[in-house]
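These notes concern the structure reproduced below.
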Amino acid sequence: MNTTLLVALPFFAAALAAAASGAVFQINGAWYQGLAAPSFRPPAWLFGPVWTVLYILIAAAGTRLALRADGSLLAGACLGLWALQMVLNALWTPVFFGAHDLRAALVVIVALLAVIAVLAVLAWRIDRAAALMLLPYLGWVGFATVLNAAYWWLNR
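Below is the structure:
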């Protein structure tokens, strides 16, 4: 089997697992529909296609970073941050949609945003393409952070 494929498998599996965490919860259920929503909330149909593309980019960036890992502290930090952002990414949905805790979800997503930003900066030093692949994710999570904050503010 191709080495690149073997390296890529755990990254794509992690992205798939994070995506699947959202399938457990009623994302457009009665609780969510009953919330006061900010005027800039995107249509529900947009989230699936956007997250599909983002998860592919996230996994590809992780693969590229792993393939260029040279045992250095920087490479280890990048791979650790990649794993941490996946955990935070997977955690947000159960906190927001499962626990219905908008404030705790805001804490999770702010941490996620910070980790992605640091990861992108550090990744730039190892693989610029991987860092660039993280930028759409950083932008979307930045927007999602503002959206989460607006939901919390409107429904506190």
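Under numbering that gives the first Met the number 0, think of the first position of the sequence shown as 0, with each following residue one higher.
All C-beta atoms, glycine included, are put in the ideal place defined by N, C-alpha and C.
Asked: Rounded to whole angstroms, what is the Cα-Cα separation between L134 and A119?; Found: 7 angstroms
Asked: Roughly how many whole angstroms lie between the Cα atoms of G28 and M132?; Found: 32 angstroms
Asked: Can you tell me the Cα-Cα spacing of R193 and I108, whole angstroms?; Found: Outside the displayed span of the chain (0 to 155) sits residue 193, for which this structure offers no information.
Asked: Consult DSSP for S38 and reduce its assignment to one of helix, strand or coil.; Found: coil
Asked: Count the other CB atoms within 10 Å of the CB of F39; is the residue buried (16 or more) or exposed (fewer)?; Found: exposed
Asked: Answer yes or no: do I125 and L64 have a C-beta to C-beta separation smaller than 8 angstroms?; Found: yes
Asked: For I148, which of A122, A104 and H99 has the nearest alpha-carbon?; Found: Before going further, note that residue 148 is Ala rather than Ile in the sequence given. If we check each option's Cα against that of A148, A104 comes out closest.
Asked: If I measure Cβ to Cβ from A143 and keep anything under 7 angstroms in the same chain, skipping five residues before and after, which residues do I get?; Found: I108
Asked: Considering only the beta carbon of each residue, do G141 and L112 sit closer than 8 angstroms?; Found: yes
Asked: A128 to A122, Cα distance in whole Å?; Found: 9 angstroms
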